[in-house]
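Engineer: Taking the numbering used here, I'd label the letters of the sequence shown as residues 215 to 466. Quick reminder that beta carbons are idealized off the backbone N, C-alpha and C, glycines included.
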Amino acid sequence: MKTINKYLSLCVAFGGINIANAEVLYQNNNVVVGYEYLLDAEDNNPNLYDQAYVVLSNTTIADWGSALGWLRFENPLDSAENQQGQDAGATTKAWLKLDYNLGDSPFNIWVQSFTNASTPSVEQNFYYGGSYDINLGKLKGTFGLGLNHTYASFSPTHISFTGSSGFATTLMVKYPLTDNVISKLYYEGQFDRSNGHRSVYGYESYGHQAVIGLDYMLTPSFFVGTQYKHRKSWGGALNDGGELFFEAGYNF
215 MKTINKYLSL CVAFGGINIA NAEVLYQNNN VVVGYEYLLD AEDNNPNLYD QAYVVLSNTT
275 IADWGSALGW LRFENPLDSA ENQQGQDAGA TTKAWLKLDY NLGDSPFNIW VQSFTNASTP
335 SVEQNFYYGG SYDINLGKLK GTFGLGLNHT YASFSPTHIS FTGSSGFATT LMVKYPLTDN
395 VISKLYYEGQ FDRSNGHRSV YGYESYGHQA VIGLDYMLTP SFFVGTQYKH RKSWGGALND
455 GGELFFEAGY NF
């Protein structure tokens with residue numbers, strides 16, 4: 215977990231934010247073990263498959279803003295088979311979101327990075343723009359809107375792309391239903407993707423992922439959760455499809 219904190223610190227420092235003198239208001243690390251179970255996403259996307267995963271994550275909220283990041287290892291033991299009965303292979307994903315406060319206003323400078331790497335495919339999306347802090351009673355989160363810069367390659371077709379690729383938006387909110395149950399929603403969409411970006415994976419001009427979930431806190435440290443995710447022209451899901459996630463995690 216020190217590796218994650220070091221990675222976040224380097225990214226924040228690279229952006230010109232001096233975290234050495236920052237006041238940390240909240241910080242949390244966790245490790246999650248889960249299983250991804252496809253619903254109609256399996257029938258609509260023959261390249262997808264059920265799989266286990268492990269996630270290491272960090273959340274830091276300071277007086278300058280916030281930094282959220284995670285590393286996700288899908289099918290880490292290469293134990294899953296794809297729909298053709300072959301070894302599915304492992305995938306590593308990395309996600310980072312930085313929101314830097316503009317004074318005392320609810321507006322921020324927003325940058326976000328997502329990397330998806332497997333043996334045949336690499337995709338990197340980098341968003342940069344502005345975000346707005348959502349603070350409505352118990353409802354907390356951010357909304358971001360900006361430009362997207364992408365590089366992507368797919369070895370079976372020998373097609374690659376690097377450059378600007380339209381616009382991106384995200385919405386991330388949490389709401390505590392009870393002292394032990396937390397609901398969460400995450401939406402991420404890309405609009406007006408470039409033809410070069412679309413050609414690598416056969417994407418449409420618009421694509422999204424939308425996630426809604428619940429976490430149940432067994433203790434302040436241990437939790438279990440479930441999520442429903444819908445993808446369209448996103449992350450290997452060329453066609454519409456939903457999937458379920460079941461998780462157990464430990465905060466520290």
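Under 8 Å, Cβ to Cβ, is there at least one residue of chain C near Ala308?
Structural biologist: Reference to chain C is not applicable here, since this structure consists of a single protein chain.
Engineer: Which one of Val245, Val246 and Pro260 has the shortest CA to CA distance from Leu252?
Structural biologist: Pro260
Engineer: Helix, strand or coil: which one does DSSP assign to Asp429?
Structural biologist: strand
Engineer: Could you tell me which residues DSSP pairs with Lys443 in its beta bridges?
Structural biologist: Val425 and Glu457
Engineer: Can you give the beta carbon distance from Gly279 to Asn322, rounded, assuming they're within the 8 Å contact cut?
Structural biologist: Right, the Cβ-Cβ distance comes to about 6 Å (below 8 Å), so this counts as a contact.
Engineer: From what residue to what residue does the alpha helix (DSSP H) around Arg412 run?
Structural biologist: Asn409 to Tyr415
Engineer: Kindly confirm or deny that the region 297 to 309 and the region 355 to 370 touch, where touching means at least three C-beta pairs closer than 8 Å.
Structural biologist: With a cut-off of 8 Å, the region 355 to 370 and the region 297 to 309 do not count as touching, because too few Cβ pairs lie within range.
Engineer: So for Ala255, helix, strand or coil by DSSP?
Structural biologist: helix
Engineer: What's the C-alpha gap between Glu237 and Tyr314?
Structural biologist: Glu237 and Tyr314: Cα-Cα distance of roughly 14 Å.
Engineer: When the Cα atoms are used, what is the spatial distance from Trp448 to Asp454?
Structural biologist: Straight-line spacing of the CA atoms in Trp448 and Asp454 works out to 9 Å.
Engineer: Tell me, which residues are paired with Pro334 by DSSP?
Structural biologist: DSSP links Pro334 through a beta bridge to no other residue.
Engineer: Report back the beta-carbon spacing between Gln326 and Thr384 to the nearest angstrom; my notes put them in contact at under 8 Å.
Structural biologist: 7 Å
Engineer: Just list the beta strand (DSSP E) runs in the region 239 to 319, keeping only unbroken ones of 3 residues or longer that don't cross its boundaries, in chain order.
Structural biologist: List check, beta strand (DSSP E) in window: 265 to 276, 279 to 288 and 305 to 315.
Engineer: Apart from the five residues just before and just after Lys446, which ones in its own chain have a Cβ nearer than 7 Å to its Cβ?
Structural biologist: Gly421, His422 and Asp454
Engineer: So the candidates are Tyr249, Ser369 and Gln265; which of them puts its Cα closest to the Cα of Ala302?
Structural biologist: Gln265
Engineer: Between which residues of its own chain and Glu457 is the CB-CB distance below 7 Å, once the five residues before and five after are set aside?
Structural biologist: Glu250, Tyr251, Leu252, Leu253, Ala255 and Lys443
Engineer: Give me the residue from Ile348, Thr329, Ser367 and Asp406 with the minimum Cα distance to Pro320.
Structural biologist: Ile348
Engineer: Considering only C-alpha positions, which residue in the set Gln441, Ala451 and Gly380 is nearest to Ile426?
Structural biologist: Answer by Cα proximity: Gln441.
Engineer: Residue range of the beta strand (DSSP E) that Lys354 falls in?
Structural biologist: Leu353 to Phe368
Engineer: Are the CB atoms of Tyr415 and Phe368 within a distance shorter than 8 Å?
Structural biologist: yes
Engineer: Between which two residues does the beta strand (DSSP E) containing Leu399 stretch?
Structural biologist: Val395 to Phe405
Engineer: Could you spell out where the beta strand (DSSP E) holding Phe375 opens and where it closes?
Structural biologist: Run containing Phe375: Ile373 to Pro390, per the beta strand (DSSP E) assignment.
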